[in-house]
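A short worksheet on the structure shown next.
Numbering (my numbering), first residue to last: 6 to 262.
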């Protein structure tokens, strides 16, 4: 796929869900092209539709209007072809399986030979810095380490598209900032496209190439803000004037919603 050719295309995407009192518009007319190796944040308050949009891209929810293309396929086809990796807000690990066995789970479902399952899982655990914990159980790990396992599991299928739904929101600030840098390093090494849901403005600025600001009114895109901070990102950038200017610009886009 060419660098300037969208890997994910959303065209006039909408979603209405039914309640006892009638239809509720969760998303309205969302149009967006996401390029290979872009880091895109979907930013907005609770109820703005950012998580439903991510789940529509993942093929976990069905849009009721518009079209979605992932690598030239429908999102369901892309999911079946293991083109997408998904990381949820909680790590969703199985306590009775070791770290290694949690990472091999999607590979078992794919039917890969056991030797290949183990090889891939060990490679991904090395990538996220947890190789020495492969025989541990999730309850023996910190919250940040559990999310690293979740990321390793999502990458094990060899997908280059990673969808992340507020994966660091429950972590303390120090752990979260460390995982920001780790995620960006993994993204560079694996040449990944990442769509990242967050309600944290500073997090979106630090991580992203573009921030898609979503309105709570019928789930519309109210602004798309390019982030022109240099890469690779470093902790020192959090004290740069431009960093704070971008935060203020994005905050202002909410005020205009």
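Cβ coordinates follow ideal geometry from the N, Cα and C atoms, glycine included.
Nothing here was measured: the structure is a model prediction, and the numbers come from that model.
Subject >> residue 211 classed as buried or exposed, judged by whether at least 16 other C-beta atoms fall within 10 angstroms >> reply: buried
**OP:** Report the residue ranges of all alpha helix (DSSP H) runs contained in full by the stretch 145-228; include only those spanning at least 4 residues, in chain order.
**Re:** 148-160, 178-195 and 206-212
Original post:
Could you give the distance in angstroms between the alpha-carbon of residue 258 and the alpha-carbon of residue 138?
Top reply: 43 Å
Subject >> In DSSP terms, what residue 20 is bridged to >> reply: 32
Original post:
Looking at the unbroken alpha helix (DSSP H) that takes in residue 112, where does it start and where does it end?
Top reply: 104-115
Original post:
What is the DSSP secondary structure of residue 69, reduced to helix, strand or coil?
Top reply: coil
Original post:
When DSSP labels each residue in this structure, what does residue 5 get in the three-state scheme?
Top reply: Limits of the chain in this structure are 6 at one end and 262 at the other, which puts residue 5 out of reach.
Subject >> Span of the beta strand (DSSP E) around residue 89 >> reply: 89-92
Original post:
DSSP puts residue 44 in a beta bridge; with which residues?
Top reply: 199
Original post:
Between which two residues does the alpha helix (DSSP H) carrying residue 129 extend?
Top reply: 119-132
**OP:** Compare the beta carbon distance of residue 202 and residue 182 with 7 Å and say whether it is the shorter of the two.
**Re:** no
Original post:
Are the stretch 24-43 and the stretch 95-112 touching, with three or more C-beta to C-beta distances below 8 Å?
Top reply: no
Original post:
With a CB to CB cut of under 7 Å and the five nearest residues on each side skipped, what residues in its chain are close to residue 59?
Top reply: 47, 168, 170, 200 and 202
**OP:** List the whole-angstrom C-beta distance separating residue 238 from residue 189, where the pair is believed to meet the contact cut-off of C-beta under 8 Å.
**Re:** 6 Å
**OP:** Evaluate residue 23 with the Cβ neighbour count: other Cβ atoms within 10 Å of its Cβ, from every protein chain shown; 16 or more gives buried, anything less gives exposed.
**Re:** exposed
Original post:
Just to confirm, are residue 198 and residue 57 a CB contact at a threshold of 7 Å?
Top reply: no
**OP:** Below 6 Å CB to CB, which residues in the same chain sit around residue 70 once its five sequence neighbours on both sides are set aside?
**Re:** 19
**OP:** Would you mind stating whether residue 126 and residue 161 have Cβ atoms separated by less than 7 Å?
**Re:** yes
Original post:
Can the beta-carbon of residue 53 be found less than 7 Å from the beta-carbon of residue 219?
Top reply: yes
**OP:** Work out the CA separation of residue 246 and residue 111 for me, nearest whole Å.
**Re:** 44 Å
Original post:
Excluding the five sequence neighbours on either side, which residues of its own chain have a C-beta within less than 7 Å of the C-beta of residue 248, listed in chain order?
Top reply: 210, 234 and 242
Original post:
Taking the alpha carbon of residue 250 as the point to measure from, which residue in 236, 223 and 232 has its own alpha carbon closest?
Top reply: 232
Original post:
From this set, 175, 106 and 26, which residue's C-alpha is nearest residue 147's C-alpha?
Top reply: 175
Subject >> Nearest candidate by alpha-carbon position, reference residue 17, set 26, 68 and 25 >> reply: 68
Original post:
Taking the alpha helix (DSSP H) that residue 56 falls in, what are its first and last residues?
Top reply: 55-63
Original post:
By Cβ distance below 8 Å, which residues in the same chain neighbour residue 9 in space, the five residues on each side in sequence not counted?
Top reply: 40
Original post:
Quick one, which of 145, 108 and 61 has its alpha-carbon nearest residue 132's?
Top reply: 108
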